[in-house]
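Chemist: Chains A and B, in that order, give the protein sequences.
Read in the numbering used here, the first sequence has 304 at position 304, and its numbers run on one by one without any break.
Read in the numbering used here, the second sequence has 1255 at position 255, and its numbers run on one by one without any break.
This is the structure I have questions about; it appears just below.
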Amino acid sequence: MTPEEVLSQKPRILTQKQRERYFEDGFILVEKLLPDSWIERLKAATEAMVDKSRAVTKSDDVWDLDKGHTAAAPRLRRLSSMNDHHPDYWAYASAADSPLPDVIADLVGPDVKFHQSKLNFKWSKGGDEVKWHQDISFWPHTNYSPLTAGTYVYDCDGAQGPLGVLPGSHNGPVVNQYNDKGQWVGCMNAEDTAKIDMSKVVYLEGPAGSVTLHNCRTLHYSKANWSEMPRPLLLNVYSAADAMPYTFNPLKSQYFGAIVRGKPAKWAYHDPRPCLLPPDWSGGYTSIFAVQQEEQRAREKPQRASGGMM
Amino acid sequence: MTPEQILSIKPVILTQKQRERYFEDGHIVIERIIPKEWVEKLRAVTNQMVEESRKVSKRDAKWDIEPDHTVENPRLRRLSSPVDHHPIYWEYASAQNSVLPDIMADLVGPDVKFHHSKLNFKWSKGGAEVKWHQDIPAWPHTNYTPATSGTYLYDCNLAQGPMAFIPGSHNGPIYSEYDDKGNWTGCLSPADTSKLEMNKVIYLEAPAGSITVHNCRSLHYSAPNNSDIGRPLLLNVYSNANAMPYTFNPIPSQYSGAIVRGKPATWAVHDPRPCMLPPDWSKGYSSLFSKQKGEDLGAPAMGGMM
Chain A
1 MTPEEVLSQK PRILTQKQRE RYFEDGFILV EKLLPDSWIE RLKAATEAMV
51 DKSRAVTKSD DVWDLDKGHT AAAPRLRRLS SMNDHHPDYW AYASAADSPL
101 PDVIADLVGP DVKFHQSKLN FKWSKGGDEV KWHQDISFWP HTNYSPLTAG
151 TYVYDCDGAQ GPLGVLPGSH NGPVVNQYND KGQWVGCMNA EDTAKIDMSK
201 VVYLEGPAGS VTLHNCRTLH YSKANWSEMP RPLLLNVYSA ADAMPYTFNP
251 LKSQYFGAIV RGKPAKWAYH DPRPCLLPPD WSGGYTSIFA VQQEEQRARE
301 KPQRASGGMM
Chain B
1001 MTPEQILSIK PVILTQKQRE RYFEDGHIVI ERIIPKEWVE KLRAVTNQMV
1051 EESRKVSKRD AKWDIEPDHT VENPRLRRLS SPVDHHPIYW EYASAQNSVL
1101 PDIMADLVGP DVKFHHSKLN FKWSKGGAEV KWHQDIPAWP HTNYTPATSG
1151 TYLYDCNLAQ GPMAFIPGSH NGPIYSEYDD KGNWTGCLSP ADTSKLEMNK
1201 VIYLEAPAGS ITVHNCRSLH YSAPNNSDIG RPLLLNVYSN ANAMPYTFNP
1251 IPSQYSGAIV RGKPATWAVH DPRPCMLPPD WSKGYSSLFS KQKGEDLGAP
1301 AMGGMM
């Protein structure tokens, strides 16, 4: 659906003005979308998961551990596919009594498909920076309806490294996220980054229960968190049902492709704008943090995705 | 790449006129393009596969057999993914000493990606009809460069049920291949079929060693083979490297996605024309023959595998 077609449908939760802003700027912040009952459930689930992480000693498909992680003092970067690891997360991402899928329907159209989820912790006193990047070349789809919802489980202000977004960048080009050697870095190169007009950047600070929504082409980053407070951000990725992903999904989930509102598509919709392909992740994946920080660039010979899985 | 961009690159095997015909009509036949030794090699390996099929007693992921198939008298509909079952088939589909990938490069652009293969036997005395259909709804890609090459291992005349096309149909709409109840049938509805202009249909009769190539949107069918001679047709599907498939491959292969000429794509190209989605084949696929005969049914794909 085009933005005009989406906007012609009656919204469920958002105002028409909020929707128009999303299509104009490529993002919106919905302050305190969640009632306290949902915030408490998500906090409890997150505390339970952090407790579980105490037994984890090295990063794997589920946990991405931060430097200095111990059983006594957990330090986490990411819980991958959190929706598969606690039922309250999936309830929040999909259930009829959750406001989140309705907000997504207001932005992608009434037929909403779940793609993936992750919980980025951005731990206190040094939680990682995420460099400037666009999401879509991590997981290309046949159109650009995909978007990411970020839910602040705790208050997030400037000190915790909130999401920083560049308005209107979703209507610009898809940027290169490979380095000079052709290796995937998952972020813009230094030269392109230097050209970003930082005076235009909007920082999405919000109290617990606020939700950020950014389009898959929107340029965004977040600073390191040097404060005393962690900044756990629940990220859920959705698209219109008619957007078909065509590369290997590195964050496997039993819920991939689940229709959380409306009905499955009969036709796939293709947006004519081309998309940069990620590496072929079918043989393994390392998280954005590890890649951006050059911890793992094992591939001597870069292997682009070819769609061999399909 | 657009047809104009492809045509601007010097062809390897085809004439410019042949390429123009492909883009205009949506199909071409290139007579006797395969050297005799290749035809002999493909025949020998196919005979060997038929021998192996004698011990097959029911349809599976590899073999689709006719109901009266027996040990003494094999009757085959399809060998799925022959490239995975004998190295000669893959050599033919990919090697530097095979002309097939070069022909494909002339039609899809210099970077050629393999998608899947099958060997349709259309056995003598009753080999099944393939009803009118387009290929692309069975395996949608982000653009419409995918094309299927068919290699005739033996002479194919009208009596054997050659491939038949409606010229220009690749520029027309994508037709539904679901029935009224929403079940996938793999072919056009009787109502849509009755509207096709049969006087325009081109039958690609050709001698052994000829290749047909048709675009993934081209409408085509083939009549049953009631003659005394079989019509084994070796089908190999390719695309430009920048076309990305987005549903589960109904005939997956260890070679799906292999680049057989040129290099992998850095960018995926999206053609704005939408594509009808097939059922979700991740839990199993049964061949077009059984679908068209109403032997199995299914529900639309959603990209959950990716």
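Even for Gly, the Cβ is constructed at its ideal location relative to N, Cα and C.
Just so it is clear, the structure is predicted and the values come from calculations on it, not from any experiment.
Among A:F121, A:L277, A:N143, A:G283, which has the Cα closest to the Cα of A:V153?
Modeler: That would be A:F121, whose Cα lies nearest to the Cα of A:V153.
Chemist: In whole angstroms, what separates the C-alpha of A:L219 from that of A:C187?
Modeler: Between A:L219 and A:C187, the C-alpha separation is close to 10 Å.
Chemist: Anyone know if the C-beta pair for B:V1213 and B:A1147 falls short of 7 Å?
Modeler: Taking 7 Å as the Cβ cut-off, B:V1213 and B:A1147 qualify as a contacting pair.
Chemist: Using a Cβ cut-off of 7 Å (strictly closer), state whether B:H1270 contacts chain A.
Modeler: With 7 Å as the cut-off, B:H1270 counts as an interface residue toward chain A.
Chemist: Apart from the five residues just before and just after A:D157, which ones in its own chain have a Cβ nearer than 6 Å to its Cβ?
Modeler: So the qualifying residues of the chain are E205.
Chemist: So what's A:M49 in DSSP terms, helix, strand or just coil?
Modeler: Correct three-state label for A:M49: helix.
Chemist: So A:L76 and A:V112 are supposed to be a Cβ contact under 8 Å. How far apart are they, rounded?
Modeler: Going by Cβ atoms, the distance from A:L76 to A:V112 rounds to 29 Å, so no, they are not a contact pair.
Chemist: For a contact meaning CB atoms closer than 7 Å, what does B:L1277 contact in chain A?
Modeler: Under the 7 Å cutoff, chain A gives A265, K266, W267, A268.
Chemist: In chain A, what lies closer than 7 Å to B:R1261 by C-beta?
Modeler: Neighbours of B:R1261 on chain A: none; closest Cβ ~13 Å, over 7 Å.
Chemist: Considering just the uninterrupted stretch of the alpha helix (DSSP H) at B:N1047, what are its terminal residues?
Modeler: It spans 1036 to 1053 - the alpha helix (DSSP H) in which B:N1047 sits, taken as one unbroken run.
Chemist: Helix, strand or coil for A:G182 per DSSP?
Modeler: A:G182 falls in the coil class under three-state DSSP.
Chemist: Spell out whether any CB of chain B is found under 7 Å from the CB atom of A:T312.
Modeler: Summary: the structure shown does not reach residue 312 of chain A, with chain A confined to residues 1 through 310, and so no result is reported for it.
Chemist: How about B:T1142: is its C-beta nearer than 7 Å to some C-beta of chain A?
Modeler: At least one chain A Cβ lies under 7 Å of B:T1142.
Chemist: Quick one: which chain B residues come within Cβ less than 8 Å of A:C275?
Modeler: Within chain B, the residues near A:C275 are W1267, A1268, H1270.
Chemist: Compare the Cα-Cα distances from B:K1263 to each of B:S1239, B:P1110, B:M1104 and report the closest residue.
Modeler: Comparing Cα positions, the closest option is B:P1110.
Chemist: Judging by CA-CA distance, which residue of A:V174, A:S282, A:S227, A:S210 is the nearest neighbour of A:N317?
Modeler: The question about residue 317 of chain A has no answer, for chain A in this structure spans 1 to 310.
Chemist: From the DSSP secondary-structure annotation, give me the bridge partner or partners of B:W1063.
Modeler: Answer is B:L1079.
Chemist: Taking 7 Å as the threshold (beta carbon to beta carbon), is B:M1374 in contact with chain A?
Modeler: Within the shown structure, residues of chain B are numbered from 1001 to 1306, placing residue 1374 of chain B beyond reach of any answer.
Chemist: Output the residue ranges of the beta strand (DSSP E) runs that lie fully inside the region 78 to 164 of chain A and measure 3 residues or longer, sorted by chain position.
Modeler: Qualifying beta strand (DSSP E) stretches, in chain order: 112 to 120, 130 to 133, 147 to 152.
Chemist: Enumerate, from N- to C-terminal direction, the unbroken beta strand (DSSP E) stretches of 3 or more residues contained entirely within the region 201 to 289 of chain A.
Modeler: The region 201 to 289 of chain A contains these whole beta strand (DSSP E) runs: 202 to 204, 211 to 215, 220 to 222, 233 to 240, 259 to 261.
Chemist: What residue range is occupied by the uninterrupted beta strand (DSSP E) comprising B:V1056?
Modeler: No beta strand (DSSP E) contains B:V1056, which DSSP labels as neither H nor E.
Chemist: Could you spell out where the alpha helix (DSSP H) holding B:A1147 opens and where it closes?
Modeler: Premise fails: B:A1147 lies in the beta strand (DSSP E), 1147 to 1152, not in any alpha helix (DSSP H).
Chemist: At a cut of 8 Å, does the region 1148 to 1156 of chain B reach the region 1273 to 1281 of chain B through at least three beta carbon pairs?
Modeler: Touching, no, given that fewer than three Cβ pairs across the two stretches are closer than 8 Å.
Chemist: Starting from A:P140, find everything on chain B with Cβ-Cβ shorter than 8 Å and list it in chain order.
Modeler: Chain B residues near A:P140: M1244, A1268.
Chemist: Are three or more beta carbon pairs between the region 1114 to 1126 of chain B and the region 1012 to 1024 of chain B nearer than 8 Å?
Modeler: No: fewer than three Cβ pairs fall under 8 Å.
Chemist: Check the C-beta distance from A:Q202 over to A:P167 and give it rounded, since I have them as a contact under 8 Å.
Modeler: Before going further, note that residue 202 of chain A is Val rather than Gln in the sequence given. Contact flag correct, Cβ pair sits at about 6 Å.
Chemist: Can you tell me which residues form a DSSP beta bridge with B:Y1178?
Modeler: Answer is B:W1184, bridged to B:Y1178.
Chemist: If you drop the 5 nearest sequence neighbours on each side, which residues of the same chain put their C-beta closer than 8 Å to that of A:S81?
Modeler: Taken in chain order, the residues that qualify are V62, Q116, S117, K118, L251, K252, S253.
Chemist: Which same chain residues, not among the five before or five after B:H1086, have their C-beta less than 7 Å away from its C-beta?
Modeler: Closer than 7 Å at the Cβ level, and outside the excluded window around B:H1086, lie V1045, M1049.
Chemist: Please work out which residues of its chain come closer than 7 Å, Cβ to Cβ, to A:V291, disregarding the five sequence neighbours upstream and downstream, and give them in chain order.
Modeler: Around A:V291: W184, V185, G186.
Chemist: Please confirm whether B:S1239 and B:H1027 have their CB atoms less than 7 Å apart.
Modeler: Against a cut-off of 7 Å, the Cβ pair of B:H1027 and B:S1239 comes out as no contact.
Chemist: Checking 7 Å against the spacing of the C-beta atoms, do A:H99 and A:L42 come in under that value?
Modeler: One detail in the question is off: residue 99 of chain A reads as Pro in this sequence, not His. It is not a contact, given that the beta carbons lie outside the stated cut-off.
Chemist: Under 9 Å between beta-carbons, which chain B residues line up against A:D271? List them in chain order, please.
Modeler: Going along chain B in sequence order, the residues near A:D271 (Cβ under 9 Å) are H1270, P1272.
Chemist: When DSSP labels each residue in this structure, what does B:M1306 get in the three-state scheme?
Modeler: Reliability of the predicted coordinates at B:M1306 is poor, the pLDDT of 47 falling under 50, and the value obtained from them is presented with this limitation in mind. Looking at B:M1306 - three-state DSSP - the assignment turns out to be coil, as it is neither helix nor strand.
Chemist: Any idea what DSSP makes of B:Y1221, helix, strand or coil?
Modeler: It is a strand residue.
Chemist: Does the distance from the C-beta atom of A:T151 to that of A:L234 stay below 7 Å?
Modeler: Cβ atoms of A:T151 and A:L234: closer than 7 Å.
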